[in-house]
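**Student:**
In my numbering, the protein residues as written are 3 to 264.
1) Can you tell me whether residue 22 is buried or exposed? The criterion is at least 16 other CB atoms within 10 Å of its CB, across all chains shown.
2) Below 8 Å on the Cβ atoms is my guess for residue 122 versus residue 97; work out the distance and round it to an integer in Å.
3) Hey, could you find the ends of the beta strand (DSSP E) residue 217 is sitting in?
4) List in chain order: all unbroken alpha helix (DSSP H) runs of 4+ residues lying wholly within the stretch 137-170.
5) What do you get for residue 31, buried or exposed, if any count of 16 or more other CB atoms within 10 angstroms of its CB means buried?
6) How is the alpha helix (DSSP H) around residue 20 delimited, first residue to last?
7) Measuring straight from C-alpha to C-alpha, what distance separates residue 51 and residue 72?
8) When you compare the CB positions of residue 193 and residue 132, do they come within less than 9 Å of one another, or not?
9) Which of helix, strand or coil does DSSP assign to residue 128?
10) Tell me whether residue 247 sits in a helix, a strand or coil according to DSSP, three-state version.
11) Using the C-alpha atoms, what's the distance from residue 94 back to residue 171?
12) How long is the line joining the alpha carbons of residue 205 and residue 224, rounded to whole angstroms?
13) To the nearest angstrom, how far is it from the Cα of residue 20 to the Cα of residue 213?
14) Do residue 188 and residue 209 have their beta-carbon atoms positioned less than 9 Å apart in this structure?
15) Candidates 167, 153, 235: which alpha carbon is nearest residue 263's?
16) Would DSSP call residue 242 helix, strand or coil?
17) Sorted by chain position, which residues of the same chain lie with C-beta nearer than 8 Å to residue 183's C-beta, five sequence neighbours on each side aside?
18) Can you tell which of 160, 41, 207, 124 has the C-alpha that lies nearest to the C-alpha of residue 179?
19) Which value, in whole angstroms, describes the spacing of the CA atoms of residue 106 and residue 46?
20) Can you check DSSP and say which residues form a bridge with residue 224?
21) Let me check understanding here. Comparing Cα to Cα, which of 152, 115, 92 lies closest to residue 124?
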């Protein structure tokens, strides 16, 4: 039996099969069912490419031609997408790009954020991106109260308030800081945070070593519950503004939770 011929035919047939599935995955849902193939096959193909390359000393040989072709899986599925991603990181951020980011990180409850335009305003002169993040109060509170009902028996008196503030910190601080996954074009990011149409605060971030770090002036936002009412308290310079969130249905507790900014 001609094992050399059999090996070449098998590897070539496997390569053609992978390319066919790769093309189909871009136009159908088949990619969902063959995800492991796209994880393992490129590295296996690279290994066989190395083996084929060193099987002969002839440069113009079938083995070395096949070795070059066997590099296609790792180029198409890993190298080229990664290069494109690095290029796209330094393109001017758009509403569509930033919208897709927030939809991915807050997928299950993305409707609690108003992602309509203008979501992004980019100043190319000073390389500053302004993000306008608006919460939809009714939907946000509905989402928060769903969690409250699920944890009503085990939670402490201030657990619900802390849960609300943790989510505000996610939306207004942590997710904007982690936007370096989608763009590295801005040197600075300024987040304009809104509760509905009510402006809450600004959050300032600076790019340092390809990461966005929050810098002064730090936002001063607190959730306060008193006299069976819950509201957000915003400090701007020496002035305070209260924005009512909802009426508490439980016994009145004196609770104050500050927004985390680190």
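Glycine is no exception: its CB is placed at the ideal position from the N, C-alpha and C atoms.
**Tutor:** Taking the geometry as given:
1) If you number the chain shown from 1, residue 22 lands on position 20. With fewer than 16 other Cβ atoms within 10 Å, it is exposed.
2) By one-based count along the chain shown, residue 122 stands at place 120. By one-based count along the chain shown, residue 97 stands at place 95. The pair is a contact, with the Cβ atoms about 5 Å apart (cut-off 8 Å).
3) The residue labelled residue 217 in the question sits at position 215 within the chain shown. Element bounds for residue 217: 213-217.
4) 139-152
5) Against the chain shown, residue 31 aligns to sequence position 29. Exposed is the call here.
6) Counting from one through the chain shown, the residue named residue 20 turns up at place 18. Taken as a continuous stretch (DSSP letters only), the alpha helix (DSSP H) holding residue 20 covers 5-27.
7) On the chain shown, residue 51 is found 49 positions in, with the first residue counted as 1. On the chain shown, residue 72 is found 70 positions in, with the first residue counted as 1. Whole-angstrom Cα-Cα distance: 5 Å.
8) For the purposes of this step, residue 193 is taken as residue 191 along the chain shown, with counting starting at 1. For the purposes of this step, residue 132 is taken as residue 130 along the chain shown, with counting starting at 1. In this structure, residue 132 lies closer than 9 Å to residue 193 by Cβ.
9) The count along the chain shown starts at 1 and reaches residue 128 at position 126. DSSP places residue 128 in coil when its eight states are reduced to three.
10) The residue labelled residue 247 in the question sits at position 245 within the chain shown. Correct three-state label for residue 247: strand.
11) In the chain shown, the residue the question calls residue 171 occupies position 169. In the chain shown, the residue the question calls residue 94 occupies position 92. Taking the straight line joining both Cα atoms gives about 26 Å.
12) As a first step, residue 205 must be located in the chain shown, where it is residue number 203. As a first step, residue 224 must be located in the chain shown, where it is residue number 222. Distance between the alpha carbons of residue 205 and residue 224 is about 14 Å.
13) Here residue 20 is taken as the residue at index 18 of the chain shown, counted from 1. Here residue 213 is taken as the residue at index 211 of the chain shown, counted from 1. If I take the Cα positions, the gap works out to 37 Å.
14) Within the chain shown, the letter at position 207 stands for residue 209. Within the chain shown, the letter at position 186 stands for residue 188. For residue 209 and residue 188, yes; Cβs fall inside 9 Å.
15) What you label residue 263 is simply residue 261 of the chain shown in a count that begins at 1. Cα-wise, what sits closest to residue 263 is 167.
16) Taking the first residue of the chain shown as position 1, residue 242 is located at position 240. The answer is strand: DSSP assigns residue 242 an E or B state.
17) Along the chain shown, one-based indexing puts residue 183 at 181. Answer for residue 183: 103, listed in chain order.
18) For this step, residue 179 is matched to residue 177 along the chain shown. Here the closest residue by C-alpha is 207.
19) Numbered from its first residue, the chain shown carries residue 106 at position 104. Numbered from its first residue, the chain shown carries residue 46 at position 44. Between residue 106 and residue 46, the C-alpha separation is close to 30 Å.
20) Position 222 of the chain shown, counting from 1, holds the residue named residue 224. 235, 260.
21) As a working mapping, residue 124 is identified with position 122 in the chain shown. Looking at the Cα atoms, 92 is the closest of the given residues.
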